[in-house]
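K.L.:
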Amino acid sequence: MSTTEQSAPVSSPERISHDRLAQILNDPAASSSTVVVDVRGDDFARGHVRGAVSIPYDVVLDDEKLDTEVIEKLKTYPNVVFHCQLSQVRGPTSAARYQAALAKKDGIVSAVKQQVYVLDGGYGNWEQVYKGTDLVEE
């Protein structure tokens, strides 16, 4: 790419509602193509979205770990949903950093096209709605 060319800007990750994510997680075919990423760190052990993986926020902020460990762990999933407690800062920032890292790799990471989302309302909203169901693991 010449110095006068610029990459297309990466759009902000879309929001996904807790209702829509619950539908996906309750559908075996859809859930197998979706990974939920909890960036809260230690809070993960006190409860999380069923099947979620814990990738603490500080790991996503580390460029080297993001470009290697995080992308490697998530690259096979067509749908990646990030969240923190409220999905106001850490979740959206993590999703945007991940999406930007993928864009820089320009498709050389995975044959699968990924859609990146942020869980609207975060785990706080999720827990309020689904605590006591199989959609919350403790």
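Quick note, the numbering used here runs 989 ahead of the 1-based positions in the sequence shown. From the three backbone atoms N, C-alpha and C, an ideal C-beta is built for every residue, glycine too. Computed from a predicted model, the values in this text were never measured in an experiment.
#1: May I ask which residues mark the beginning and end of the alpha helix (DSSP H) holding residue 1003?
#2: State buried or exposed for residue 1003, treating a residue as buried only when at least 16 other CB atoms are found within 10 Å of its CB.
#3: For the region 1016 to 1026 against the region 1065 to 1077, do three or more pairs of beta-carbon atoms, one drawn from each stretch, fall closer than 8 Å, so that the two count as touching?
#4: Have a look at residue 1082 and residue 1090 and give me their C-alpha separation to the nearest angstrom.
#5: Taking 7 Å as the cut-off, is the beta-carbon of residue 1031 closer than that to any non-hydrogen atom of the ligand FAD?
#6: Can you name, in chain order, every residue of its own chain whose Cβ lies under 6 Å from the Cβ of residue 1054, other than the five neighbours on each side?
#7: Which residues in the same chain as residue 1075 place their Cβ atom closer than 6 Å to its Cβ, once the five residues preceding and following it in sequence are excluded?
#8: Quick check on the DSSP output: what are the complete alpha helix (DSSP H) runs of length 4 or more inside the region 1045 to 1086, in order along the chain?
#9: Could you pull out every residue in the same chain whose Cβ sits closer than 6 Å to the Cβ of residue 1127, ignoring the five residues on either side in sequence?
#10: Return helix, strand or coil for residue 1104, following the three-state DSSP convention.
#11: Beta strand (DSSP E) containing residue 1024: first to last residue?
#12: Can you have a look at residue 1078 and say buried or exposed, based on whether 16 or more other CB atoms are within 10 angstroms of its CB?
#13: Compute the beta-carbon to beta-carbon distance between residue 1109 and residue 1005, rounded to the nearest angstrom, for a pair I have assumed lies under 8 Å.
P.N.:
Working from what's here:
#1: Residue mapping note: residue 1003 aligns to position 14 of the sequence shown, counting from 1. Element bounds for residue 1003: not the alpha helix (DSSP H) but the beta strand (DSSP E), 1003 to 1005.
#2: Walking along the sequence shown from the start, residue 1003 turns up at place 14. Exposed.
#3: yes
#4: Translated into the one-based positions of the sequence shown, residue 1082 becomes position 93. Translated into the one-based positions of the sequence shown, residue 1090 becomes position 101. Rounded to whole angstroms, residue 1082 to residue 1090 spans 12 Å at the Cα level.
#5: Annotation note on the ligand FAD: not contained in the displayed structure, which lists no ligands.
#6: Counted from its first residue, the sequence shown places residue 1054 at position 65. Answer for residue 1054: 1048, listed in chain order.
#7: In the sequence shown, the residue the question calls residue 1075 occupies position 86. Counting only Cβ-Cβ distances below 6 Å, and skipping sequence neighbours, we find 1111, 1113.
#8: 1046 to 1050, 1060 to 1063
#9: Here residue 1127 refers to the residue found at position 138 when the sequence shown is read from its first residue. Closer than 6 Å at Cβ, skipping near neighbours: 1036.
#10: Your numbering for residue 1104 matches position 115 in the sequence shown. The answer is strand: DSSP assigns residue 1104 an E or B state.
#11: Position 35 of the sequence shown, counted from the start, is the residue given in the question as residue 1024. Looking at the DSSP string, the run of the beta strand (DSSP E) that includes residue 1024 is 1023 to 1027.
#12: In the sequence shown, residue 1078 corresponds to position 89, counting from 1. So residue 1078 counts as exposed.
#13: Taking the sequence shown and counting its residues from 1, one reaches residue 1109 at position 120. Taking the sequence shown and counting its residues from 1, one reaches residue 1005 at position 16. About 6 Å; that satisfies the 8 Å criterion.
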